[in-house]
Amino acid sequence: MADVARRAGVSVSTVSRTLRGLSTVSAPTRARVEAAARELSFAITRSASSLVTGRTGRVAVLLPDLESWFLGAALSGMAPALRDAGLELLVYSVTDVRERADFFDRLPARRNADALLVVSFALSPAERARLDDLGMPLVFVSQHAPGRPSVYVDDEDAALRGTRHLLNLGHRRIAFLQTADGTGFTWSSKSRLAGHLRALTEAGIEPDDALVLSVPDWKGNGMAAAVGRLLSLQDPPTALFTETDDLAFRLLAALRDANIPVPGRVSVMGFDDHVMAGVMGLTTLAQPAVEIGRAAVHLARSVIDNSDGTHPRHIVLPTELVPRGTTAPPPPAGL
Numbered sequence: 001m002a003d004v005a006r007r008a009g010v011s012v013s014t015v016s017r018t019l020r021g022l023s024t025v026s027a028p029t030r031a032r033v034e035a036a037a038r039e040l041s042f043a044i045t046r047s048a049s050s051l052v053t054g055r056t057g058r059v060a061v062l063l064p065d066l067e068s069w070f071l072g073a074a075l076s077g078m079a080p081a082l083r084d085a086g087l088e089l090l091v092y093s094v095t096d097v098r099e100r101a102d103f104f105d106r107l108p109a110r111r112n113a114d115a116l117l118v119v120s121f122a123l124s125p126a127e128r129a130r131l132d133d134l135g136m137p138l139v140f141v142s143q144h145a146p147g148r149p150s151v152y153v154d155d156e157d158a159a160l161r162g163t164r165h166l167l168n169l170g171h172r173r174i175a176f177l178q179t180a181d182g183t184g185f186t187w188s189s190k191s192r193l194a195g196h197l198r199a200l201t202e203a204g205i206e207p208d209d210a211l212v213l214s215v216p217d218w219k220g221n222g223m224a225a226a227v228g229r230l231l232s233l234q235d236p237p238t239a240l241f242t243e244t245d246d247l248a249f250r251l252l253a254a255l256r257d258a259n260i261p262v263p264g265r266v267s268v269m270g271f272d273d274h275v276m277a278g279v280m281g282l283t284t285l286a287q288p289a290v291e292i293g294r295a296a297v298h299l300a301r302s303v304i305d306n307s308d309g310t311h312p313r314h315i316v317l318p319t320e321l322v323p324r325g326t327t328a329p330p331p332p333a334g335l
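Under UniProt numbering, the first residue of the sequence shown carries the number 1, and numbering increases by one thereafter.
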């Protein structure tokens with residue numbers, strides 16, 4: 001390590017901090033140290049570093065689903081940010097109630113990572129207490145955790161603005177479709193629904209429980225059933241707001257199969273700005289998924305390096321309404 005320090009023109013402690021991936025080293029200094037280490041064929045093993053520093057050089061991520069576009073995009077922001085910092089990524093995905101219980105019983109991340117990123121998880125008080133028992137920094141991602149480091153968008157405000165867009169087009173019967181089914185895997189669903197209902201109330205429209213629909217089997221036949229249920233109402237909706245773009249795509253397919261024109265008969269709006277949203281012409285609320293992942297890593301590194309609490313508590317990223325071709329004024333009455 002002393003040879004690397006001499007070659008790079010820095011102190012041994014700076015070499016140590018650089019090779020451990022600490023964020024207190026400037027980018028130019030990091031580049032010089034890494035170049036010197038390569039020239040001298042110097043390598044430090046992660047296990048040896050852990051014995052000296054008490055750190056593993058890893059960051060763990062706990063998330064509910066690997067198929068979600070948003071979660072995949074967030075991970076794609078995390079991975080290069082961790083790689084640039086010389087850190088490894090551990091992913092723990094729990095897809096059902098059994099896996100969820102098993103994770104919190106065994107806590108596999110214990111002593112195996114320097115921080116845990118909790119992504120889109122509505123934790124129970126018992127689960128939150130179990131994570132606190134880890135004794136490692138926690139960063140909550142895509143959710144606002146009061147008093148905890150967190151990276152998120154204001155889901156309620158975004159949904160409020162989305163529903164106002166539909167109201168401004170003239171819609172008064174607006175349905176909200178969600179995937180949350182009581183398992184607690186979708187943190188943002190309640191916030192988005194709250195924003196939607198608030199917009200209706202502020203417009204003087206009394207929310208109708210029949211227009212808030214959970215679609216449990218939305219990847220199968222559930223969406224077709226949901227469309228049939230909503231459009232068979234005595235006073236059917238003229239606009240459908242889905243909590244995610246993934247859900248909106250399934251909805252558009254179900255409407256197409258039922259020969260219901262969009263936006264001729266019903267308007268459709270999603271949430272996320274999925275990579276395919278532009279191709280599909282979907283009106284949506286865009287959130288910066290990749291940047292959320294990147295910001296979560298930067299916050300985690302700050303928390304790891306500043307255990308005294310001198311780090312940002314919350315990072316709130318912006319959302320944007322993106323009007324496209326699936327929303328329009330409602331059809332004339334009687335059509």
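By construction, the Cβ of each residue, glycine as well, lies at the ideal position given by its N, Cα and C atoms.
* Hey, is the region 234 to 249 in contact with the region 273 to 290, meaning 3+ C-beta pairs nearer than 8 Å? -> yes
Alpha-carbon spacing of valine 15 relative to valine 279, whole angstroms
48 Å
**Prompt:** Alpha carbon to alpha carbon, what distance is there between leucine 134 and proline 108?
**Reply:** 10 Å
For the candidate residues Arg83, Gly57 and Val94, whose alpha-carbon lies nearest to that of serine 68? Val94
Query raised in the report: What are the start and end residues of each continuous alpha helix (DSSP H) run of 4 or more residues lying completely inside the region 99 to 178, in chain order?
Result: 125 to 132 and 155 to 168
| said: Going by DSSP in three states, aspartate 245 sits in which element: helix, strand or coil? | reply: helix
| Hey, leucine 131 and glycine 293 are a contact pair by Cβ (cut 8 Å); roughly how many whole angstroms apart? | Contact doesn't hold; Cβ gap of about 20 Å is too wide.
**Item:** Where methionine 269 falls, given that 16 or more other Cβ within 10 Å makes a residue buried
**Value:** buried
Comparing C-alpha positions only, which one of Ala295, Arg58, Ile174 and Val33 sits nearest to alanine 113? Arg58
Quiz item: What distance in whole Å lies between the Cβ atoms of alanine 296 and valine 91, which are believed to be in contact at a cut-off of 8 Å?
Solution: With 8 Å as the limit, valine 91 and alanine 296 do not qualify as a contact, their Cβ atoms being about 13 Å apart.
Chain-order list of residues whose beta-carbon lies under 6 Å from that of residue 338 (same chain, five-residue window excluded): Residue 338 lies beyond the stretch modelled for the chain, which goes from 1 to 335, so this question has no answer here.
Helix, strand or coil: which one does DSSP assign to glutamate 34? helix
query = If you drop the 5 nearest sequence neighbours on each side, which residues of the same chain put their C-beta closer than 8 Å to that of proline 137?
reply = Asp114, Ala115, Leu116, Pro149, Ala300, Val303, Ile304 and Ser307
- prompt: What residue does the beta strand (DSSP E) around alanine 5 start on, and which one ends it?
  reply: Element bounds for alanine 5: not the beta strand (DSSP E) but the alpha helix (DSSP H), 2 to 8.
Review point. Sorted by chain position, which residues of the same chain lie with C-beta nearer than 7 Å to methionine 223's C-beta, five sequence neighbours on each side aside?
Key: Val215, Arg250, Leu251 and Ala254
- Message: Quick check on the burial criterion: 16 or more other C-beta atoms within 10 angstroms. Buried or exposed for glycine 204?
- Response: exposed
Item checked: Between the CA atoms of proline 207 and proline 236 - distance to the nearest angstrom -> 14 Å
*So who's on the other strand from isoleucine 304, going by DSSP bridges?*
Answer is none; isoleucine 304 lacks a bridge partner.
For threonine 14, list the residues DSSP reports as bridge partners. Paired residue(s): none; threonine 14 is not in a bridge.
* Asked: Are there 16 or more other CB atoms within 10 angstroms of the CB of leucine 287, so buried, or fewer, so exposed?
  -> According to the sequence shown, residue 287 is glutamine rather than leucine. With 16 or more Cβ atoms within 10 Å of its Cβ, glutamine 287 is classed as buried.
Take leucine 317 and list the residues in its own chain whose beta-carbon comes closer than 8 Å to its own, dropping the five residues that flank it on each side. Val151, Tyr152, Val153, Gln287, Pro288, Glu291, Ile292 and Ala295
Exercise for review: Measure from the alpha carbon of alanine 258 to the alpha carbon of each residue in Glu243, Ala225, Met1 and Phe271, then state which is nearest.
Suggested key: Ala225
Cβ neighbours of valine 227 in the same chain (closer than 8 Å, five flanking residues each side left out): Leu251, Ala254, Leu255, Ala258 and Ile260
Worksheet item: The alpha helix (DSSP H) spanning histidine 196 covers which residue range?
Response: 188 to 202
(Q) Let me check one thing: in DSSP terms, what residues is threonine 284 bridge-paired to? (A) Val322
Work out the CA separation of serine 191 and aspartate 155 for me, nearest whole Å. 6 Å
message: Helix, strand or coil for serine 76? Go by DSSP, reduced to three states.
response: helix
Nearest to arginine 7 (by Cα), restricted to the options Thr29, Val25 and Thr24: Thr29
Problem - Simplified DSSP assignment, three categories, for arginine 256 - result: helix
query: Does the separation of the CB atoms of leucine 213 and alanine 175 fall below 8 Å?
result: yes
| query | In angstroms, rounded to a whole number, what distance separates the CA positions of residue 347 and leucine 167? | reply | No statement about residue 347 is possible, as the shown extent of the chain runs from 1 to 335 and does not include it.
* Roughly how many whole angstroms lie between the Cα atoms of leucine 321 and valine 12? -> 51 Å
Task: Limits of the unbroken beta strand (DSSP E) element including valine 61 - done: 58 to 63
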